[in-house]
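To convert a position in the sequence shown, counted from 1, into the numbering used here, add 6.
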Amino acid sequence: MDAAELLEPDKLWRADPVLTRPSQIPAAAGVYGWHFDQSPDPRLPAGRLLYVGIAPRRMANRASRQNLRTRVRYHYRGNAEGSTLRLTLGCLLGLELRRVGSGKRLTFGRAGEQELTAWMAEHAHVCWFEHPQPWLAESELIRQLDLPLNLDQNRRHHFHAYLSDLRATARARARGLPVAW
Numbered sequence: 007m008d009a010a011e012l013l014e015p016d017k018l019w020r021a022d023p024v025l026t027r028p029s030q031i032p033a034a035a036g037v038y039g040w041h042f043d044q045s046p047d048p049r050l051p052a053g054r055l056l057y058v059g060i061a062p063r064r065m066a067n068r069a070s071r072q073n074l075r076t077r078v079r080y081h082y083r084g085n086a087e088g089s090t091l092r093l094t095l096g097c098l099l100g101l102e103l104r105r106v107g108s109g110k111r112l113t114f115g116r117a118g119e120q121e122l123t124a125w126m127a128e129h130a131h132v133c134w135f136e137h138p139q140p141w142l143a144e145s146e147l148i149r150q151l152d153l154p155l156n157l158d159q160n161r162r163h164h165f166h167a168y169l170s171d172l173r174a175t176a177r178a179r180a181r182g183l184p185v186a187w
C-alpha cells in the first residue's frame, strides 16, 4: 500500500468515464480516494485528497460483495442512505436531509440527490488502487493522512467534531420532518 497512489495519482477520474460502460474501474477489492477541485466547505482546502473508502467493507465474519467499481459508481450516483461520502457532502453543501419511502431511510430527496450528483460530476475526482484486504490499508491511510471527510477511525482530526455534529443535526432535523415521498 502506497499513500502516494492516492495523494498524487497518475490520473484522477471524473464521473462520466466512471459511469459509462465499460467502466474504467476494475471489479476488484481495493481502496479509492476522493479529490475535489472545489471544496464542499470553506474550512477545507480544494484540489487535494479529502476522503478514502474501501470495497469490500469487512463485516463481523465476512466481507461485503462490493468492489471498487460498484462502490465508486454508487458514490457518484446513489443516495445518502447508502453512501457516507454523499451524506457528508450533502450536509456540507447545505442540502436538506429528509425521511423517504417508509420513513426509515434518510436521503436528500430526489431534487437534493440530483443536485449532489451534479455537484459531484463537476467537482469530485476519484482514484484507486487494488488491494486484497482493503480494510487493513484503510486503517493505515487514515492514521497517516489528513482526511477531514473520514469520520470512522479518525476522531483525532480537527474537523471530526464539526462534521459529526453537522451530520447528527441533519439527521435529527430530518426525523422531525414529514416523509418527503
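Glycine included, every Cβ here is placed at the ideal spot set by N, Cα and C. The structure presented is a predicted model; accordingly, all values stated were derived computationally and were not measured.
Terminal residues of the alpha helix (DSSP H) in which residue i lies
{"i": "T113", "result": "Careful: T113 lies outside any alpha helix (DSSP H), inside the beta strand (DSSP E) at R111 to T113."}
{"i": "S45", "result": "Looking at the DSSP string, S45 is not in any alpha helix (DSSP H), and its letter there is neither H nor E."}
Cut-off 7 Å between Cβ atoms - residues of its own chain near residue i, not counting five sequence neighbours on either side
{"i": "A186", "result": "R104, R105, V106 and G115"}
{"i": "R92", "result": "H81, G84, N85, A86 and L122"}
{"i": "G118", "result": "G96, L101 and E102"}
Nearest candidate by alpha-carbon position, reference residue i, set the options
{"i": "H41", "options": "R173, L147 and C133", "result": "C133"}
{"i": "L98", "options": "E136, D47 and L91", "result": "D47"}
{"i": "G39", "options": "S170, T175, R181 and E144", "result": "E144"}
{"i": "R75", "options": "M126, R64, A21 and Q44", "result": "A21"}
{"i": "R111", "options": "W125, A127, S89 and Q120", "result": "S89"}
Secondary structure of residue i, DSSP reduced to three states
{"i": "A52", "result": "coil"}
{"i": "I148", "result": "helix"}
{"i": "E136", "result": "strand"}
{"i": "W40", "result": "strand"}
{"i": "A130", "result": "strand"}
{"i": "A61", "result": "strand"}
{"i": "W187", "result": "coil"}
Same chain, Cβ closer than 6 Å to residue i, neighbours up to 5 away in sequence not counted
{"i": "L18", "result": "H41, H131 and C133"}
Residues near residue i by beta carbon distance below 8 Å, same chain, minus five either side
{"i": "L25", "result": "R79, Y82 and R83"}
Continuous beta strand (DSSP E) stretch holding residue i: start and end
{"i": "V106", "result": "R104 to V106"}
Cβ of residue i within 8 Å of any chain D Cβ
{"i": "H131", "result": "Absence of chain D from the displayed structure is noted, only one protein chain being present."}
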